[in-house]
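Some notes on the structure that comes next.
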Amino acid sequence: MKSHGRSLLMAGVIVIVSITILSGLYVPQAQGKSNVSHTLFWNGVTPSTATSPGSNISKPISTVKALDQTVTGIANASGTLSRFLFLPNINANVGITNGHVAPLYSSAPAPMGIGDFGVVNGTGTSYNTSSFNGTLSVNNLSDFYLLNDAPNTVSVQLNAVLGNATIKGNNGYSFWAQNVMVYSTRTHNLSLEDNVWNFSSPTSVMEPGTILNSTGNVINYPGVHIAIGPSFTVTMPFTISLYLNSTNNGTANNIVYFNYSLSGNINGKQNTTSGTFDKVTFNSAEGKPAGYKANPANFTVNGMELAPNGLLYDAEFMIGGPGGGSTTSIYNISANMSLKYRTNSAYKVVPSAYDFGTDTGETSEGVSAYYSANDAVHLNSGPSLLYGLWNTVNMSGIRSVGSGFTEYKGILSPSNVFMFISVGNNFNVTSAEWSPTDQNGAFGYLLPSGNYSAEALMSNHDPLQTKLVSNGQNDISLPLNYATGIYTPLFADGNNQLKNISYYGSGTAASPYVLFGSNESGGLNQLFTEMNDFTFPVFGGLMISNVSYHAVIDPPSFRVSYPVSDLLQLTTAGLPEVNYLSMLVYGSSNISIENSSYISGWFSGALDGFPAANILLWNSTNINVTGNYFASQGSSMIIYNPNSTHSNNTVTGNVFSIDATVTNALDHYFLNSNSPVGLELFSSNNTIYNNFFSGTAPAVSPGGKGNDIYSGGTVTYSNRWNISGITGKNIIGGNGISGNYWMNYNENSNQPHNDGGLIAYGGDQNPLEYPQSVTFSPSTLNPGTEYLVEIQSNFLTPEKVPIILFGGVINSGMTKFSLPNGTYEYYGEANGLYTTVTGNFTVSGINSTVALKFISIETYEIEFVPVGLSLGSYWNITISGNGIIPTTAYSAPDVSLIFFGATNGTYNYSVSAYGYTLISTNETVVVAGENVPVYLNFTPDEYSLSVSEKGLSSGTPWSVSIDGKQYNTTNSTIIVPGLSPGTYSYTISQVAGYVSSSGGTFTMGFNDSSIGITFIQSTSPILLVGYTILGVIAGGVVSAFLMYRKMRKR
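The sequence shown runs 377 to 1426 under our numbering.
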């Protein structure tokens, strides 16, 4: 057989089932609602079960993923990345209106401070400068926000856009430079950092090779430049000046300097220090000849044009969260700031200013600003209302204000009443902003002159709306009224405020304060739905800090429905319109959170890397969490304490599950959507027992380097996961209280049970088990082949709340689960090329077995090899059967076609080649465990040749020979059948009295053909001789004879 070429027929219609190799620890993803049911015991009570209209699992309920890497990655990202990454605003609502940029922010949270957008008195303008200076003088500052990993930390950022930069000889690039101070009001640590982003790209990401070098302590991260500067211990008051300077400095490349000057009590001494902590040199001259110098690049403010990424060419000096797009709540601040740009000779205040920025992703709330005649901005505690300051006009809903302030002061009673303020004589809920108050309820807001109204509100109290009076007392006392129910968050900072939100009790161990949540009024007021552009919520549902008195909390759900103004942001991010706010406990002790029928709530994936959870206990001890139903939409509970703290927190009698309302259409937008987490312990010396753990990652307690979510340090968290010596009914209805029930625990699990390695140190020494079990028995797998099996069931809590119970393990051989009675769905996938298996089973008081019938889906090749085609003959094939869609492919002669991805089975095929017929009539091929060659033997199609004579008398016999075979006739035409395409020779037999051509060659194509023969009657010997010599083809004799006659006349 001739050697032949090979080409590939890529059979996309054959589904190649790709099973991820299971190695190490992988965690499944629950996808959607499972309409099956079961029953379990909770504290000895039998809850209701859900009805089962039928299974709706159409896709695997797992995405195989290494959760141990995911959880530690979250901790590492929180400890090292998000605190150094200061993000551009991904949702800035900007555009061009009337020749200038607008609108900007419409409400807080916003990057509060000073922003110059290049709009002077309503007209778009622009200017360039080689330097910006932002100066901040801080007298007092107190902030707190628990959902970032630095609850008492703010960032102060000087941000500007470097325009017309040159990269590799090409100019016109724009880069966003950020000179950032990060300050902890708790530890008084002040550090300097910088970021550089590429505003020339819609993604804001820099390409490799953009920056030639940097003198800072660089943190490598793709797409953005991050560098760390010095850090100091600085107590208040202090003054810091941040600088952004651009120059070429006599070199070929554009350069940006990040400079600072700091004055105050620094490292224990009154001092002033200054310097450059990073010098970023751009790669301007690459590919250019020696002596090349890039054009100068300057910082640009342009109110008439947007950057390519849709953000502004602006300059901002602002205060916000400590990185990662976070926000922070300012409870007390007294500070002054200025923003200046350099002219030829000196620094001047920016031409116009607003009290907020736009390009920056980090935000704050609780900051109020006014400006004085010298264009200095004064920051005070108050509502973060957005204003135009000097040289502005009312624009796009932003009010322009004059210099100076008016004081609005008063006292709230109770002291933990929430206060919101809006502009105007009548309270406007859509534009109102939260206003912080002192711990004793006192407030004194220094606001730009104008009219303001307020609403004071607190759960179980009548709300009150009022117009604020200037330079007088605005004392507000809310009457107690339990009929109003829970319609605001429950907030207490300190023991005195804890009493204000309690129904009864004295705060002692014998008579704790009691907070009921059963009278929730249908959801919290929409004022408490505020969130920033990265979906960091401003409020928690329960916010308790610095409390030591005893309290028992039976929490409500803290349900919120987002207003219409937020729906675009939510739907764009793929997030639901309803949520449940978190319970946040900080620096407190002696609190019990118990008996909630539903603890849930989602967090956006933008919070990845931050300690977000439905219950977050931070630096708190002697906290008891018991008897609650957790329905995880990503993160149910986090406990954090320094590693050395004897936390003494207790988690017992809880059910950890997955929220049944999470749908496939939404859950991939959620935090930890691939692996919803139950309990995360970043703390030691806690006791966790008698809980029902289900879900993809029921419990996580990492250890080792980088897993301190506050400091990023090395930790070895050690906790008790079981107790002994306690009688009574346990969480699954059995006798004796010891360890926990783990839905992913099986007979092959190691003891102590460490949740598949997610608990780094220790584990459950005595896991609870039901008396009945189900054993999964895999078949057709090679011995030792690992497989993943997952089980899930819908379940109704005693309050008829639907949750999903879920378990899964990776194992080899038989796997036995201890399960409560009920109906389950299962899913299995094996290491290698096997089908996934799904189905239902029921547990009803006895042991049972489920066979996992894996079927090999190893795929093979079918090679179709053409034989017998002539050069230039093209052919095609159509293959079908065995459940595939018919597929046609085309090839050249002597080139085979390979169909790959074929599973075992019978396939049909049909073949065609122009001018050829396939000899074989069996157009099927069977794949049975190996590659299959199929030889396609073609035979040429046959055609007829018509040979016609002209010039013979009727009835004269004559003949023609085709390749030596003679054909005779007395007719004028001879039909020669059975000729295949090709080249043939022919000869004409002599006919007495006539002359003709002796023959020749002809070529048959892919159709019938014909040739003509002319006989000429001979009249003299001379002519005949002349013809014999000259007449070699029919028709040639006439011209030869005429030539002969002409020659004789001479």
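Where is the CB? At the ideal position from N, CA and C, for every residue including glycine.
Anticipated Cβ contact below 8 Å, residue i with residue j, distance rounded
| i | j | result |
| --- | --- | --- |
| Phe1069 | Asn1098 | Not really, about 12 Å apart at Cβ, beyond 8 Å. |
| Ser835 | Leu866 | 6 Å |
| Thr1300 | Tyr1311 | The pair is not a contact, with the Cβ atoms about 14 Å apart (cut-off 8 Å). |
| Asn630 | Ala691 | The Cβ separation is near 18 Å, so there is no contact. |
| Ser1033 | Ile1180 | 6 Å |
| Gly500 | Gly475 | 5 Å |
| Ser744 | Glu783 | Contact doesn't hold; Cβ gap of about 11 Å is too wide. |
| Leu682 | Ile472 | 7 Å |
| Asn547 | Asn671 | 6 Å |
| Met582 | Val600 | 6 Å |
| Phe608 | Leu566 | 5 Å |
Beta-carbon proximity check, residue i vs residue j, cutoff 7 Å
| i | j | result |
| --- | --- | --- |
| Thr561 | Asn528 | yes |
| Ser965 | Ser924 | yes |
| Arg459 | Pro727 | no |
| Ser958 | Asn990 | yes |
| Ser580 | Asn571 | no |
| Phe462 | Val556 | yes |
| Ile1364 | Ser1320 | no |
| Ile862 | Ala868 | no |
| Val1027 | Val1053 | no |
| Glu569 | Ile616 | no |
| Val1241 | Ser1272 | yes |
| Ser1386 | Ser1322 | yes |
| Gly899 | Arg935 | yes |
| Val1213 | Phe1152 | no |
| Asn708 | Asn516 | yes |
| Asp942 | Asn465 | no |
| Tyr1093 | Leu1057 | yes |
| Gly742 | Ser705 | yes |
| Asn1024 | Asn1004 | no |
| Asp838 | Asn857 | yes |
Limits of the unbroken alpha helix (DSSP H) element including residue i
| i | result |
| --- | --- |
| Thr948 | 940-948 |
| Gly872 | Per the sequence presented here, residue 872 reads as Asn, with Gly not at that position. Segment 871-876, the alpha helix (DSSP H) holding Asn872. |
N- and C-terminal bounds of the beta strand (DSSP E) containing residue i
| i | result |
| --- | --- |
| Leu1321 | 1319-1326 |
| Asn1307 | Note, Asn1307: premise wrong, no beta strand (DSSP E); not H, not E. |
| Tyr1283 | 1281-1289 |
| Asn847 | Premise fails: Asn847 is in no beta strand (DSSP E) and is neither H nor E. |
| Asp570 | 565-574 |
| Met582 | Counting along the chain, Met582 falls outside any beta strand (DSSP E), and DSSP gives it neither H nor E. |
| Pro1154 | 1149-1155 |
| Lys1192 | 1191-1194 |
| Pro606 | 601-623 |
| Ser791 | Here Ser791 belongs to no beta strand (DSSP E), and DSSP marks it neither H nor E. |
| Gly1388 | 1385-1390 |
| Asn504 | 502-505 |
| Ile335 | Past the edges of the chain, shown from 377 to 1426, lies residue 335, and the structure says nothing about it. |
| Ile1102 | 1102-1105 |
| Gly837 | Looking at the sequence itself, residue 837 is His, so the reference to Gly does not match. From DSSP, His837 is part of no beta strand (DSSP E); its letter is neither H nor E. |
| Ser937 | 935-937 |
| Lys1341 | 1341-1345 |
| Asn1111 | 1111-1113 |
Given 8 Å, three or more beta-carbon pairs between the region 792-808 and the region 861-878: Short answer: they touch.
Beta strand (DSSP E) runs wholly inside the region 679-737, at least 3 long, in chain order: Assignment of beta strand (DSSP E) within the region 679-737, counting only whole runs of 3 or more residues, yields 691-696, 703-718, 723-725, 730-732 in chain order.
Given 8 Å, three or more beta-carbon pairs between the region 1137-1147 and the region 1194-1201: Touching, per the Cβ criterion.
Cβ contact check for the region 1229-1246 and the region 1261-1280: 3 or more pairs under 8 Å: In short, these stretches touch, since the Cβ pair count reaches three.
Contact between the region 768-778 and the region 728-743 (3+ Cβ pairs under 8 Å): Here the region 768-778 lies against the region 728-743, with 3 or more beta-carbon pairs under 8 Å apart.
Touching by the beta-carbon criterion (3+ pairs, under 8 Å), the region 655-663 and the region 483-496: By the criterion of at least three beta-carbon pairs nearer than 8 Å, the region 655-663 is not in contact with the region 483-496.
Segments of 3+ residues assigned as beta strand (DSSP E) that fall wholly inside the region 991-1029: Taking only runs of at least 3 residues, the beta strand (DSSP E) segments lying wholly in the region 991-1029 are 991-994, 997-1002, 1005-1008, 1011-1016, 1026-1028.
The region 1078-1085 in contact with the region 1128-1139 per 3-pair CB rule at 8 Å: With a cut-off of 8 Å, the region 1128-1139 and the region 1078-1085 count as touching, because enough Cβ pairs lie within range.
Cβ pair count under 8 Å reaching 3, the region 944-953 against the region 972-981: Pairwise C-beta distances place the region 944-953 in contact with the region 972-981, as three or more of them are shorter than 8 Å.
At least three beta-carbon pairs within less than 8 Å, the region 1241-1261 to the region 1169-1178: Cβ pair count under 8 Å is below three, so no.
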